[in-house]
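Worksheet for the structure shown next.
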Amino acid sequence: MQPPGENEVKAIHTPDFIGTFAVIESEAGILMVQNQRKIGGRDRLTWDLPGGGVNRGEQLTEALARELKEELEIELCGVPEFLFYQEGERLEKGVRTRVWRSFFFRIREYQGTPCAASEIVDLRWVRLQEMGSLLDAPYHDSFLSWLDRGGSAFTSRWED
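All residue numbers for the sequence shown refer to numbering that gives the first Met the number 0, where the first residue is 0 and numbers rise by one.
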């Protein structure tokens, strides 16, 4: 048995997060949605890819279809193309409080016109050149790395 380490994982009281997110592209850019988040101990608006948590008993693509319907009022058509996954940890005062695993898919076919619904504050098409200055939440690092150099697996760390 090893002695407790500096980065010892203490009891985590929140469940792990499993998420699924959509990269929807058009001539205007990539579709981003604006959400209310708590980052660094304060509420703020962030731009994120559409998507969200996978419910118990749900497959990734089922959750993605549900999230797109709830958030954007669009119907997923066809088979999403897997792009990459992100595994991350959230630390508060140096202690891991949560881990997440997010799966990202390219969506080529959908029915309907995307509109902000459910908890979405706003939406917009964002050009690649704007991504670096617009995406500043701690968990955006993997998506920005994927845009920059591709890849299929990323790790992330969010410290508050």
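Here a beta-carbon is modelled for each residue, glycine too, at the ideal position from N, C-alpha and C.
- If you ignore the 5 residues before and after Ser25, its C-beta comes within less than 7 Å of the C-beta of Trp124, all in its own chain and listed in chain order.
- Put simply, the backbone Cα of Glu72 is about 6 Å away from that of Cys114.
- By the Cβ test, the region 27 to 39 is not in contact with the region 86 to 104, since fewer than three Cβ pairs between them sit closer than 8 Å.
- If you look at Leu63, you'll find it in the alpha helix (DSSP H) that goes 59 to 71.
- Excluding its 5 nearest sequence neighbours in each direction, Gly150 has C-beta neighbours in its own chain below 8 Å: Phe83, Ser144, listed in chain order.
- Membership of Glu129 in any beta strand (DSSP E) is not indicated; the residue belongs instead to the alpha helix (DSSP H) covering 127 to 133.
- Counting C-beta pairs with one atom in each stretch, the region 57 to 76 and the region 93 to 111 have three or more that are closer than 8 Å, which means they touch.
- Classified as buried, Gly87 has 16 or more neighbouring CB atoms from the shown chains inside 10 Å of its CB.
- In this structure, the CA atom of Glu57 is about 25 Å from the CA atom of Trp46.
- The C-beta of Pro79 has 16 or more other C-beta atoms within 10 Å across all chains shown, which makes the residue buried.
- Taken through DSSP and simplified to helix, strand or coil, Ser151 comes out as coil.
- Here the region 29 to 44 lies against the region 128 to 137, with 3 or more beta-carbon pairs under 8 Å apart.
- For Phe103, the closest of Arg156, Lys68, Gly40, Leu146 by C-alpha to C-alpha distance is Leu146.
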